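Asks: Per this note's numbering, the sequence shown starts with residue 354, numbered consecutively.
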Amino acid sequence: MNIHRAKGQEITLTIGGASRRIDTAPGRRLSEVLREDLNLKSVKIGCDAGDCGACTVLIDGRQECACLVPAVQADGRTVETLETAEPVLRAQLQQAFLAKGAAQCGICTPGLMMAAMELLRDTPTPDDAQVEDALAGVLCRCTGYRKIIAAVMAATTPAQMQDMPQAGAAVGRAIPRLDGARKVEGTEIFGADYAPEGALLVRAVRSPHYHAGFSFGDTEGWAAQIPGIACVITAADIRGENRYGVIPPLADQPALAEEFARYRGEAVALVVGSPEAVEPLDLDSFPVTWSPLPHTLTEAEGMAADAPQLHGDRPENTLIRGRVACGAPDAALAEAAHVVSGRFETSYVEHAYIEPEAGAAWLEGDTLVIQACTQAPVMDLEDTARVLGLPHDRLRIIPAAAGGGFGSKLDVTLQPLLGLAVLKTGKPCRMVFSRTESMQASTKRHPGTMEARIGADAEGRITAMTFHGDFNTGAYASWGPTVATRVPVHASGPYLTPNYRATSRAVHTHGPTSGAFRGFGVPQAAITQEMLYDELAQACGMDRLAFRLRNALRDGDKSPCGQVMQSVGLVECLEALQPHWEAAQRAVAAFNAASDTRKRGIGIASCWYGCGNTGLPNPSTIRIGITAEGRLKLHQGATDIGQGSNTVITQIAADAIGIAIGAIDIIGPDTALTPDCGKTSASRQTFITGRAAEAAGRALRAAILRQTNLAEAEQITLRDGRLTVTQGGQTREIGLSDMVPDAQGYVIAAEETYDPPTTGLDADGQGTPYALYGYGAQMAEVEVDMALGTTKVRHIVAAHDVGRVINPLLAEGQIEGGIAQGLGLALMEEYLPGQTENLHNYLIPTIGDMPPVTSILIEKPDPEGPMGAKGLGEHVLIPTAPAILNAIRDASGAKITKVPALPHRVLAAIKASRQ
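Encoded structure:
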């Protein structure tokens, strides 16, 4: 992190046309000089190794990773950051990025824009390949890159920004994200971007072992020998309950381990002090003695009879089991005309958000304030208060902008650690994980070993399926119970399956804790089901798309849980793919006839996904109010981690009220200012918080009409402290300054809660697990090098039923970003504990890996959704990997049974297919 400002050598940098003199230590990174000494916070730090490119700046006009440049090497040179670059080209890029939807979370946006500036100065109208080459050194985890390419190509031509919609017409419009300006200006405040003046630095001492006992030596004596160390904190300093977890009855994870460390990277102590003292510390000198113990890393090892038990109250290392069953699957399989079966394995997948965990904390009176990256501020408050022993009203969580999340930032990480440090020292503190710390300590996608059998009759209709999955949940519970219960509900895929049994088991190991990651286990199950459905279609002598159409769920069908389905848009998604499928078949056949060394293939896969919690309460609450000054304020606590909830929720609220979207000020999320909108996960915010926003908007509209004695309104406007309502030839005007504000400071207000109508599931998983589902289907075209085993994805067509499109621009961005992560799951991403703990060894898709995407938005409104809308964020990743894997088999004959499909696995599968 290198934040200390040690002196030693004076350097001069030319920044923004002015000379800036800085006295700095010779070895300091330029990135830290720019951020800490010159307050140029657009320079982001994601790796300190030149792997992510978030710190890209221009030095004498050429892009460099500022984290790799010693500050002294920039002496006498011109350095450009996003804040200080030439204003005309910067403004063009900013406008293009907004218009094209090229910024989602925004953490990588400044680095991308600086790389683009270098390109555009030399090549004002670049093509795709030139943009890909120029931006190849900057990683983005959110967008899927395609809109970034479009923005750079359009930057020097007049941008076509949409006008803001008229009152009542916001839903359905592709308006740029309302919080986008901060992202493209580089002024968004992420977790590492703010700390109070004089904040102490917190670092964690972490276990180097997967499983070990430990004991401390003289920590006070060690600290006393180092000037600037304020204190050492261990579990003995915790006043509350030293355990947390997203599912309270199963909470099992200590903020600081006691006696035993259960995974590599687990925190056992904190060192707090001045940045100058703490940052350069070699924590290997910390007085702790380790006693390594036997460990397990895979689900098979964790299930072994002689495996070390991680938790005394969980025999056989079993956290939980899941089950859904209906009909008589064994008998139906015995009678089926065609039966296929298979066993598939998936790996740990790292979230790899570009922003490592970071935050700051301080006291305001007797209230502890924590500002950090998160997806679930109220859950953070509850878990952190439990650990610290604080009442909820003495703790405030302010979410910093999140530089990506994808599920991992649902769990608390540094929040209780920051709280411990502030409460012990009485001083503000900050903490920033290194990239290695982040990858060691954060949750991962569950590895799984899955087996299934599926049968069909002579007409190609699915008659039965059995499925079992063992999932490696790692050292602690986290979201393991959610994965184990969600997977059996979804493992059939969105197909009518009258006889069904799916079971699952979450198994503890000493690997990283597995948590939420875009899909909660459904992407893993989809690989199993969709690859087997390809085999079953072949056994039935049917086209693969036609087979899926024949078996697709339709309105009125029952799911394996016995739920009667409504607003099922899968048939429409598959039909939308049909012309692309037929054209690709012809093109692939022509290519393959002329090529022996490289072969192309196409694959297809479908998805469904229940939005929200599985059979559990899942409420969101929205407050909207009008002040005496005539401002309309929307309190929405849904954290926007790049998916667009700040914009989408506001669009829904504006149309429900019947007011122009520009009249609304957004407040939140902040546990002191906003009601609980629940966690940002499970594709729930557009649906659930959107329904609450719609209800609150309609309630506010009704309150306004009561004030005017009008039955309806054609126009509602706020201006100069007056509310004006027009209907027909009548106009009513209300002077707001004369009205008495309520306890929240509003003269007219509404607050509404929405909780989806679900039921718990019985022992066979029967019930209504979700009130609403989204659907989709994707087609992938790939090219396989038959000698090298490498795979290049050439094109993906994605059709997704979103119910009603609230914002087409943001919906397309979600599709492309999800596809990029699905591509990584299929082809390259495999987290190996102890081996791939940085972004050099752990590979995620780059701009050159991402193919063109054709997005098709299907609208089949669901009456339960806000204005008919359904969730989307999770769905888009689910079919990508199986579509790619099916395309690999179509191209090469290689049946991949363990992902990712690395070249050596593809070659082995090609060889096996020929035997």
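Where is the CB? At the ideal position from N, CA and C, for every residue including glycine. Everything numeric in this text was worked out from a predicted model, so none of it was measured.
Any idea which residues DSSP pairs residue 644 with across the strands?
Replies: Along the sequence shown, one-based indexing puts residue 644 at 291. Answer is 566.
Asks: What do you get for residue 1268, buried or exposed, if any count of 16 or more other CB atoms within 10 angstroms of its CB means buried?
Replies: Numbered from its first residue, the sequence shown carries residue 1268 at position 915. Per the 10 Å Cβ criterion, exposed.
Asks: Identify the continuous beta strand (DSSP E) that holds residue 674 and give its terminal residues.
Replies: Within the sequence shown, residue 674 is the residue found at index 321, counting from 1. From DSSP, the beta strand (DSSP E) with residue 674 extends over 671-679.
Asks: Quick one: any contact between the segment 1246-1260 and the segment 1067-1074, if contact means 3 or more CB pairs under 8 Å?
Replies: At 8 Å Cβ cutoff, the stretches do not touch.
Asks: Tell me which same chain residues have a C-beta within less than 8 Å of the C-beta of residue 519, skipping the five on either side of it?
Replies: Translated into positions along the sequence shown, residue 519 becomes position 166. Result list for residue 519: 1013, in chain order.
Asks: Within 10 angstroms of the Cβ of residue 529, are there 16 or more other Cβ atoms? Answer buried if so, exposed if not.
Replies: Along the sequence shown, read from residue 1 onward, the residue named residue 529 stands at position 176. Under this definition residue 529 is a buried residue.
Asks: Helix or strand or just coil, what does DSSP make of residue 435?
Replies: As a first step, residue 435 must be located in the sequence shown, where it is residue number 82. Three-state DSSP puts residue 435 in coil, outside helix and strand.
Asks: So, is residue 737 buried or exposed, given that buried needs 16 or more other C-beta atoms within 10 angstroms?
Replies: Within the sequence shown, numbered from 1, the residue matching residue 737 stands at position 384. Classification for residue 737: buried.
Asks: What do you get for residue 844, buried or exposed, if any count of 16 or more other CB atoms within 10 angstroms of its CB means buried?
Replies: Within the sequence shown, numbered from 1, the residue matching residue 844 stands at position 491. Result: buried.
Asks: Taking the C-alpha atoms as reference points, what is the distance between residue 734 and residue 544?
Replies: For this step, residue 734 is matched to residue 381 along the sequence shown. For this step, residue 544 is matched to residue 191 along the sequence shown. One C-alpha to the other measures close to 17 Å.
Asks: Classify residue 537 as helix, strand or coil using the three-state DSSP reduction.
Replies: In the sequence shown, residue 537 corresponds to position 184, counting from 1. Residue state, collapsed to three classes: helix.
Asks: DSSP three-state call for residue 418: helix, strand or coil?
Replies: Position 65 of the sequence shown holds residue 418. Here residue 418 carries a strand assignment [DSSP, helix/strand/coil].
Asks: Let me know the secondary structure DSSP gives residue 667 once reduced to three states.
Replies: For the purposes of this step, residue 667 is taken as the residue at position 314 of the sequence shown. Judged by DSSP in its simplified three-state form, residue 667 adopts coil rather than helix or strand.
Asks: Go ahead and pull the three-state DSSP assignment for residue 1206.
Replies: Within the sequence shown, residue 1206 is the residue found at index 853, counting from 1. Look at residue 1206 here: in three-state DSSP terms it is strand.
Asks: Compute the distance between the beta-carbons of residue 1238 and residue 1155, then report whether it is under 8 Å.
Replies: Counting from one through the sequence shown, the residue named residue 1238 turns up at place 885. Counting from one through the sequence shown, the residue named residue 1155 turns up at place 802. No, the Cβ-Cβ distance between residue 1238 and residue 1155 is not below 8 Å.
Asks: Please list the terminal residues of the continuous beta strand (DSSP E) segment that includes residue 1290.
Replies: Residue 1290 lies beyond the stretch modelled for the chain, which goes from 354 to 1268, so this question has no answer here.
Asks: Using 8 Å as the Cβ pair cut-off and three pairs as the minimum, do the segment 482-498 and the segment 1189-1201 touch?
Replies: yes
Asks: Does residue 554 come out as helix, strand or coil in the three-state DSSP assignment?
Replies: The residue you call residue 554 lines up with position 201 of the sequence shown. Look at residue 554 here: in three-state DSSP terms it is strand.
Asks: Taking residue 311 as part of the alpha helix (DSSP H), name the residues at either end of that continuous run.
Replies: The question about residue 311 has no answer, for the chain in this structure spans 354 to 1268.
Asks: Pick out whichever of 1051, 1081 and 1101 has its Cα sitting closest to the Cα of residue 1075.
Replies: Counted from its first residue, the sequence shown places residue 1075 at position 722. Nearest C-alpha to residue 1075: 1101.
Asks: Using the Cα positions of residue 909 and residue 689, report the straight-line distance between them to the nearest angstrom.
Replies: What you label residue 909 is simply residue 556 of the sequence shown in a count that begins at 1. What you label residue 689 is simply residue 336 of the sequence shown in a count that begins at 1. So the alpha carbons of these two residues sit roughly 24 Å apart.
Asks: What is the residue span of the beta strand (DSSP E) that residue 1145 lies within?
Replies: For the purposes of this step, residue 1145 is identified with residue 792 of the sequence shown, where counting begins at 1. From DSSP, the beta strand (DSSP E) with residue 1145 extends over 1144-1154.
Asks: Here's a check: name, in chain order, each residue in its chain whose Cβ is nearer than 6 Å to the Cβ of residue 1124, leaving out the five neighbours to either side.
Replies: In the sequence shown, counting from the first residue as 1, residue 1124 sits at position 771. Closer than 6 Å at Cβ, skipping near neighbours: 1109, 1110, 1111 and 1217.
Asks: Which residue from 1150, 857 and 810 puts its Cα closest to that of residue 936?
Replies: For the purposes of this step, residue 936 is identified with residue 583 of the sequence shown, where counting begins at 1. Measuring from the Cα of residue 936, the nearest candidate turns out to be 1150.
Asks: CA-CA distance, residue 547 and residue 682?
Replies: Mapped onto the sequence shown, residue 547 falls at position 194. Mapped onto the sequence shown, residue 682 falls at position 329. Answer to the nearest angstrom: the Cα atoms are 57 Å apart.
Asks: I'd like to know if the segment 372-391 and the segment 438-456 are in contact, where contact means that at least 3 CB-CB pairs between them fall below 8 Å.
Replies: Not touching, per the Cβ criterion.
Asks: If we count Cβ pairs, one from each stretch, closer than 8 Å, do we get three or more for the segment 819-832 versus the segment 641-653?
Replies: Flag = yes, the segment 819-832 and the segment 641-653 touch.
Asks: Quick check: residue 802 and residue 675, are their CB atoms within less than 8 Å of each other?
Replies: The residue you call residue 802 lines up with position 449 of the sequence shown. The residue you call residue 675 lines up with position 322 of the sequence shown. Not in contact: residue 802 and residue 675 (Cβ atoms no closer than 8 Å).
Asks: Can you tell me which of the three DSSP states residue 934 falls into?
Replies: Position 581 of the sequence shown, counted from the start, is the residue given in the question as residue 934. Correct three-state label for residue 934: helix.
Asks: For a quick check, are the C-beta atoms of residue 740 and residue 608 less than 8 Å apart?
Replies: Here residue 740 corresponds to residue number 387 of the sequence shown, with the count starting at 1. Here residue 608 corresponds to residue number 255 of the sequence shown, with the count starting at 1. Yes. Within cutoff.
Asks: Cutting at 7 Å between CB atoms, please list the residues of its own chain near residue 898, excluding the five before and the five after it.
Replies: Residue numbering aside, residue 898 sits at position 545 when the sequence shown is read from its first letter. 927, 930, 931, 934 and 957, listed in sequence order.
Asks: Count the other C-beta atoms from every protein chain shown that fall within 10 angstroms of the C-beta of residue 1264, then say buried if there are 16 or more, exposed otherwise.
Replies: Looking up residue 1264 in the sequence shown gives position 911. Per the 10 Å Cβ criterion, exposed.
Asks: List the DSSP bridge partners of residue 367.
Replies: Along the sequence shown, one-based indexing puts residue 367 at 14. Bridge partners of residue 367: 372 and 431.
Asks: Note down, in chain order, each residue of its chain lying with its Cβ closer than 8 Å to the Cβ of residue 1083, except the 5 sequence neighbours on either side.
Replies: Translated into the one-based positions of the sequence shown, residue 1083 becomes position 730. If we look at residue 1083 and ignore the five residues flanking it on each side, its Cβ neighbours are 1063.
Asks: For a minimum of 3 consecutive residues, which ranges assigned as the beta strand (DSSP E) are wholly contained in the segment 838-888?
Replies: 852-861
Asks: Taking only three categories from DSSP, how would you classify residue 1274?
Replies: The displayed coordinates of the chain run from 354 to 1268. Any statement about residue 1274 would go beyond what the structure contains.
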